[in-house]
Every structure is written in C-alpha cells, then in structure tokens.
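Residue numbers (my numbering), protein chains in the order written: chain A, 97 to 392; chain B, 36 to 357; chain C, 449 to 755.
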Amino acid sequence: MSAVNVMSGKGIEGSLRRAKIFQQLTLYIPAAVLALLVLAAIFAPFLAPYSPTKTALGQRLIPPFFIEGGSTAHLLGTDTLGRDILSRVIFGARVSLSVSLLVILITSTIGTVLGIIAGYLGGRTGTVLMRVTDVSLAFPAILIAILLAVVLGPSFKTVVLAISILGWAPYARLIRGEALRLREADFVAQARIIGSSPLRIMVRHIFPNIINPLIVIATLSVGLVILTEAALSYLGAGIPPTTPSWGAMVYDGRSLIDTAWWISLFPGMAIGLVVLSGNFLGDWLRDKLDPRLRQL
Amino acid sequence: MSKIILQVEGLHTVFFTRQGVVKAVDGVSFYVREGETFGIVGESGCGKTVTGLSILRLLPEPAGRIVGGKIILDGKNLLELSKKEMREYRGSMISMILQDPMTSLNPVYTIGDQIAESVRLHQNLKDDAVEKEVISALRLLKIPAPEMRLHDYPFQMSGGMRQRVVGAIAMSCHPRLLIADEPTTALDATIQAQYIALFKDVQRQTNVAIVFITHDFGVVAQMCHRVGVMYAGKIVETATTRELFKAPRHPYTSALINSVPRLDRKDNRLYSIEGQPPSMTDLPRGCRFFPRCSVARDVCREQEPGEVDIGGEHSVSCWRVS
Amino acid sequence: MGRFIVIRLLQTVVALIGISLLIFVLARLSGDPTMLMRTPTTTEAEIVNIKQQLGLDKSQPEQYVIFVKNLFRGDLGESIIKRRPVTDMIGEALPNSLRLGITSFAVSMLLALLLGVLAATRRDTFLDNGVKFLAVLGQALPGFWVAILAIFVFSVYWHLLPTSGTGGPAHYVLPVGTLSFFLLPGMMRLVRSSMLDVLDSEYIKLARIKGLPERVVIWKHALRNALIAPLTTAGIIFANIITGAVILENVFNWPGVGRLSWEALVARDFPVVQGVTLLVAVLVLLVNLLVDILYAYIDPQIRYQQT
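Below, the structure written as structure tokens:
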C-alpha cells in the first residue's frame, strides 16, 4: 500500500467537483421543465399553433418537420384525423398538471391527518390505521380506477377519485413514522407538561415539524400521479377522449407505430420528461430538506 | 524485556472529503511489546481510531488512504502485503474490538456461528474441533455456560455479555496483537471495571499485545503499561503510565490529567482546556497545540517541535523540553 | 410464532370482510344490473324474473349475505357481455398472468439483488452510475410507451421477436423484459440503499476485522440484514406487478387477467371487473400475510419475541 498505492487526491477531488456540477444540473433542468409544464398548461391557447381538437382530413399523418414530407406548419406532425401533435401535447399538459395538483392536495391532506393520528395517538387506532395503510399500499390503484370507471363512467372526477382513494397511503406511512419520532421529542413532552391538549400538540407542535418531509414526498409523487393518469388515459379509463391527454395520444398511435410513430413518440416523451423532472426535483429537495429520507 | 511485536513508524493517513484533505494521522510512531498494553489517549477526532483502523488496513474506501509510513508486525511490513495476505492476517494475527457491543454483532446469526466463522476461516479444523475452539474462546472471556450461550442471538444478551462475545471473536484465533477501540466506553461503570480486569487476565493467559484506544485517563491508569498521548493527528508524548501520571512533560498531557476529577487532591478545582482542537483540514503552522497552550512561546507559533527522547522510554514533542 | 401467525390470520379475515363489503356497496352504486341486460324486446315480467334470479328483490343485508355465500362457493356471477361465469373466465386468464408475473418477478428480483449489491459495493463507479441511470429511466418512462417502442424496434424494425400474443418462449421476451424493466428500479434502489446502510454498520466492520473475504462479508453478513428492509415493501412490489400486468397485457395482447379487466372496462362489464378486483384483493392480503411470516423468519428478534 505504501509504495504501491500512494496516490494524490486529485482523482477524488475531481470527482467531487463533477458531483457538485451534476447536483446543480439536476436542480436547474428539472425546475425549468416543470416551469415550462406549468406555463404550457396555463397559456395553452396562446402557445398552441392550432386548436387541439380541430380535425383536418386533408392534413392527415403529416410527419414532423425534420422528416422528409414534414413541414414547419406542423412541427411535430399530425395524427390520423389531421390534428396538430404539438398543439395536442401542449394542451395535454393541462390534464397532467390539474390531475396531479388536485390528487396531491387531497392525498397529502388525508395522509397527513391519518399519519399524525396514527403516529401520535398510537394505540389500537394507530394499529388499525397502519394495517389499512399497508393493504392500501399493496393494492394496485389501476384496478380501483378501472372499477370506478366502470361504476361511475370515465371522467375527470373519476380519475382524481381513483388515484386519491389509495394515494394517501404512502403519506400516512411516512408521516406516522415522523410523528412517532416527534412524540418522544422534549418539546412535545414540555407541551404535555404544561397541559396542552393532544389536538393542540398535533397541530401546533407535530405538524410544523413534518412539513419538510411532506414537501419532499409530495414532489416525489408528482411523477407517480402523472404516470398513473397517463396509464388510465391509455387504457381508456381516464379523461374522456375529446380532451387531449398524453396517455390517450400514445394509445391513438399505437397501431400505427410502424408508419406514423410520431403520434405515440412525442406525448410519451412529454410524460417521461415531466416525470423525470419531478423525480429529480424531489431527490434534490430531499437531499436539501431531509437527507434522512434517503430510502424514499 | 519481551520482544517488540508491533512497530508503527511515521504513519500518515489522510481522508479526502468535500471540505478538503484531512490529515487524520500525521506522522505517528510507536511500538508495542508482547504481553504489553499500549494506550493511545486523546480527545475525540484526534485520529486515534483512524490509527487503529490503519493498522488493520480497514479504512473506509475510497475516502481514506494511508499515504506514508511503515506498520511492522512481527517483522513484516503490513503495508507491503497484498490484499489477500492482509486479509489472512486479520482475525488470526491482529484483531480488533469495537466500541459499541450493541451494534458490532450481526443480529441475524447466533454468537456461536459468528465465532465459529472466524475459527473455520483461519484454522483448518473439523466441525467438532471448531466447536471446541469456540467454547474455549467463550471460556477465555469468562462467559458463563458457554455450551448453552452458543445458540443465543445477540439480542438475547446484555451489553456487557455482548462485549465479551466480541472479545471472544477477537481472541478466537489466538492473535498476537489486539486493538481495542474504546471497548468499555459504552458499558456501565461497574461492568467497565469487570471488563478491564477480564482483559488483564486474558492478556496474562495469552501474552497478547494490546493497543488500547481510549479518551479516559482513569481507564489508562488501570489497563495500560505505556501510553501515547495523541493530539490532532500526532502523538505528542509517550511514556510509561506511571511516569506519565507522575511527571507529564507536554502541556497538553498535564492539562488532560488535570481535567480528570480526583478525590485524593486537596485542590478541588477542575481544569478544562480552553478552546477547540484545530480543524484537521487547516492545521496551524507551528505546534498544533499552540493556540490552546498556556505556556506557549514565539517559537511554538512558527515551527513544529520535533520528538525528543528524554530517557526511560519517555519522549515528548514540545519546545519547552528541547 | 404460532400466536403471531394466528393474529395475522384473524386480521386478514377482518380485512377480507371489509373489502367484500366495499365491493358490494360499489356494485349497488353501479346501478341496476338489469338495465344492461335489457333488449328492446325484454318484457317487465322478464325483468322481474331476472331480478328474482339474481336476488335483487331482497333487502340489502340479505343480498350481502347471498353475495358472500356465492363468493365462498367460488361464484362470482356472470359476465354481462359474454354470458359466462366470471370464475371460468378468470380461471382461463389467471395462469397466463401468473406465468408473466412470476417470470418477471424472478428476473427482476435476481437482477435487483445482483445490481443493487454491486452498485452499493462499488459506489460512484461506472457500474453504480449506470445502475442509477437505469433506475431513473425505469421510474420515469410510461410502461405502455416503452412497450410500444420495444415492439417497434424488436418486432417491426428488426423482426427479431413476435409483436404480441402467446406461444413459444420468444413471446415471453418482450412482455417479461418490459415488465421487469419497471419492477427493477424500485427493488434495486431499495436493495442498494439498505445495503449501504448495512455496510456502514459496526458488525460489517467486525466481519472484516475477522479477516472474512469480501464476498462472504457482502453476500452472507450484509445481504441477509439488508433484505429485511426491502421485504416490508413486497406488498408494493406486488401492486406494481399487477399494475404492470394490466397495462402490458393490453399492449402485448397477452390473454391474462389484466387484459380481461381491460376488455371488461371497455364493455363496462361490471361482474368481471368485480371478480378481478376481489381476486386481487385476496392476493394482496395473502402476500401481506406471507411477508409478515417471512419477516419473522429472517429476523430472529421477531421470531423469538412472539413465542
């Protein structure tokens, strides 16, 4: 080791620097992509060159501009009904964004309340809640969604309900762990000594201390919700057809994959890019706010 | 005098971190004889544990690396061994006891399995001979009813018992050198005294050389024959335990000894050392103890003192002595 | 240990009752089933007759009891569209799904262990980064899309593999490959991170101090401990397999339970969807039970405490 292995630290220092640059890239690029998603969703009517639903049978199956036969009039080409793919991808952002925001709002609220109750109060209530959580975690959301779509008919509300109905479980499990840990903290003991009610302790002392992990898991779940929504739309259990959604667009192009591959390719790329960004941003936030959550 | 079994010369170990290069061990030299216990004392972060891990060549990779010096065990420089040769040395020639008995045993295997593993690896024995060795190791560490405890899992034992099991694992292949890294720190005071007495006994029976790493001068006094006082990656003073307590020459040693509460002194004052140890990425230019030293001179700021042998196995690195 | 299993069994039964109630309520929410059976020529008398046959003229609690009784006899009702017992339809489809699911699980589990452990022990190397990259992609790309692209590349463009359906081993490659691609990242991440935690522990240091070869340190001492944490998420992995199967069976036209439920969705055939959901619910509970028992087996601390 002494003579053979004595090395300068340069290699390691270099890789540390590279790691730092990489870390910053994994913040800025995902943040930019997500900002773009939000902008596309809000300003879709101004950004999209065409109406997403306008059919033009004379303009069917035009390839994207960089392929022979394509034109800059339809940058990403058109589908079987002559609808502009780019416009549909831009409008599709609305579905992904609105579903994921609403679902995360609902699931994080339910999960937080149940998690704090299970963690802080514990006892039989806690045990029952955690058993329900375990089963919910193990139940495939997609089947519930199919069941609901059959019972209630596919709609925006059905999709949100279907993803939320089990989506609270990961929150509940994480928050319970945090509440369990905080229950033993000195400031909670202090609050109990001065006679604060359990409700007050949960709201005033426990909740503010779980906001960081909550933000992390909420960000990390953006991708999962968007993926689930896309899968439901693909299966036809999602938002009904006239509204453009990325998953349904991939479905539309699936049988034409050998000739008009662009119909499926671009919406799929949009899903992948947004989910990737959400995951990266979540990872970054986790490292910043709560490195203990490495397991997530 | 018995033969020198371990000789460490000018050991340099560094860590590459995001904050820069940490010189955790910065030129450490000492030796240990057969049947002798050499203590390494110092505050946490002074590099004493890293010294122990360096001898075993078990630094966390790739951040930690030995960049200079020699570690000679029974005539062989460990730093020149191949990885495989070094591994054969571990457990059989050198062993180590870690600080926390609660976490240093594998929770999913019985203690018998964990000792037998070592025996099987280093000694070519049949199964019943292995079990005999395991039981004799447990007996050496005075674990009651060893034939029955063999089948226990770590969580079924108390902390003190677990630390004995760790000791049994370490001693199971009759090593020549044992490194004990704060083996009593995690134990209750009464158990601590038992454990130290136990180890003195083990040493008498096996003639093993021990490097005893601790921050506790009380333990040093009970356990060690000679002591090295470590500060910020360097051994600043080495002497026999008796000599060190009687006539400490380095101001840091005196300060450490004075910070131990003693009932046999009229003066009830407790001394503490002002300031913090220096940052290991940015050591002072002169003596590394200079910023906290109450008797420092100008030369201490400018130049690092060399090691001076003042006779009777006592050496010091301080400008006041040279 | 015995007591522990009995308690878990009882909990499973309670959960089953809960789920059957839930499904029953949903079934009533779906509206009058006779509406779907009507043809222009159906008379009121026929409707009343059908209602009597289905027990729809009785009170709700009575209907629930009948529902549960039928469940115990393995009677899940009849498909509205195909006019066949749901049990038969599921019975035909299930083996196909199991073949797909079990093969994919085995493939991805083996790879996850191998890659997860290698990534953890060779941190920040090319291999580790490659594994991380693969995991990131697998968790972000939509399954149906990757499956379609895979069909395009391997079947349409290169003519290497069949596009869909069942048959010889070649038919397995794409469905199993894509399903494994999505199961792998989660498992691999878990194995890797739990392995990293374990490798950091004192008993691993002690194993190295003993002079054990790195191979034994990792595959014997570290892995067994590292498996305890991921085991708790086996339920989630199971849910992922089902989700993946529902989507990919549809893309690859694989005649399993997933495709069955999709066909039922398109046709709004409630009894079939209900049957599949119930089946999966039972499987979920069984998996959870099995995990608990396995967990006790791996971790002696639990095994001993409960006796």
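No residue lacks a Cβ here, since even glycine has one placed at the ideal position from N, Cα and C. Source: prediction; values computed, not measured.
Item: Anticipated Cβ contact below 8 Å, A/G272 with A/G215, distance rounded; Value: The question names Gly, but residue 272 of chain A in the sequence shown is Arg. That pair is a contact at about 4 Å.
Item: C/P633 at chain A interface by Cβ criterion, 7 Å; Value: no
Item: Cross-chain neighbours of C/K653 in chain B, by beta carbon under 9 Å; Value: L88, L93, M131, L133, S139
Item: 4-residue-minimum alpha helix (DSSP H) runs that sit fully inside the stretch 204-245 of chain B, ordered along the chain; Value: 224-241
Item: Cross-chain neighbours of C/P703 in chain B, by beta carbon under 7 Å; Value: Result: empty, since nearest Cβ-Cβ is about 43 Å, beyond 7 Å.
Item: Separation of C/L470 from A/G249, as counted between CA atoms; Value: 18 Å
Item: Three or more C-beta pairs below 8 Å linking the stretch 627-641 of chain C and the stretch 582-600 of chain C; Value: yes
Item: Residues that C/L660 contacts on chain B, provided the C-beta gap is smaller than 9 Å; Value: R122, R125, G126, E152, S153, L156
Item: C/L640 at chain B interface by Cβ criterion, 7 Å; Value: Note that residue 640 of chain C is Arg in the sequence shown here, rather than Leu. Output row for C/R640: interface = no.
Item: Chain-ordered neighbours of C/R663 on chain A, where CB pairs are closer than 7 Å; Value: Here the premise fails: no neighbours, minimum Cβ distance about 21 Å.
Item: Min CB distance C/I657 to chain B below 7 Å; Value: yes
Item: Entirely enclosed alpha helix (DSSP H) segments - the stretch 551-619 of chain C, minimum 4 residues; Value: 574-588, 591-598
Item: B/V243 vs B/I214 beta-carbon contact at 7 Å; Value: no
Item: Range of the contiguous beta strand (DSSP E) that encloses A/S232; Value: From DSSP, A/S232 is part of no beta strand (DSSP E) but of the alpha helix (DSSP H) over 219-234.
Item: Closer than 9 Å at the beta carbon, the chain B residues around C/R672; Value: N141, V143, Y144
Item: First through last residue of the beta strand (DSSP E) which encompasses B/E272; Value: 269-275
Item: Within-7 Å CB hit, B/F247 to chain C; Value: no
Item: B/P363 and B/C328 closer than 7 Å at C-beta; Value: Since the first and last residues shown for chain B are 36 and 357, residue 363 of chain B lies out of range.
Item: When C/D645, C/R547, C/I495, C/G466 are compared against C/P617, the one with the closest alpha-carbon; Value: C/R547
Item: Every unbroken alpha helix (DSSP H) within the stretch 295-356 of chain B, with a cutoff of 4 residues, ordered by chain; Value: 333-337
Item: Chain A contact for C/Q500 (CB, 7 Å cutoff); Value: no
Item: Limits of the unbroken alpha helix (DSSP H) element including A/S329; Value: 307-331
Item: CB contact flag (C/L622, C/L609, <7 Å); Value: yes
Item: Beta carbon proximity, A/G160 to chain C, threshold 7 Å; Value: The residue you asked about is not Gly; residue 160 of chain A is Pro in the sequence shown. So, not an interface residue.
Item: Length of the line joining the Cα atoms of A/G188 and A/L133; Value: 10 Å
Item: Those residues which DSSP pairs with B/T72 across a bridge; Value: B/I245
Item: Nearest to C/R656 (by Cα), restricted to the options C/H669, C/D645, C/L644; Value: C/H669
Item: Interface residues of chain C facing A/L449 [CB-CB closer than 9 Å]; Value: The question about residue 449 of chain A has no answer, for chain A in this structure spans 97 to 392.
Item: Outcome for B/R336 when other beta-carbon atoms lying within 10 angstroms are tallied against a minimum of 16; Value: exposed
Item: Reduced DSSP secondary structure (H/G/I, E/B, other) of A/E280; Value: coil
Item: Close beta carbons around A/F161, own chain, < 7 Å, minus the five adjacent residues each side; Value: S167, T168, L171
Item: Beta bridge counterpart(s) of B/L108 as assigned by DSSP; Value: B/L41, B/K111
Item: Distance cut-off 6 Å: A/L197 Cβ against heavy atoms of the ligand FAD; Value: This structure lacks the ligand FAD, and indeed carries no ligand of any kind.
Item: Buried versus exposed, by CB contacts within 10 Å (16 or more), A/V312; Value: buried
Item: Touch test, the stretch 278-291 of chain A against the stretch 231-248 of chain A, Cβ-Cβ under 8 Å, three pairs minimum; Value: no
Item: Bridge-paired residues (DSSP) for A/K384; Value: DSSP lists no partner for A/K384.
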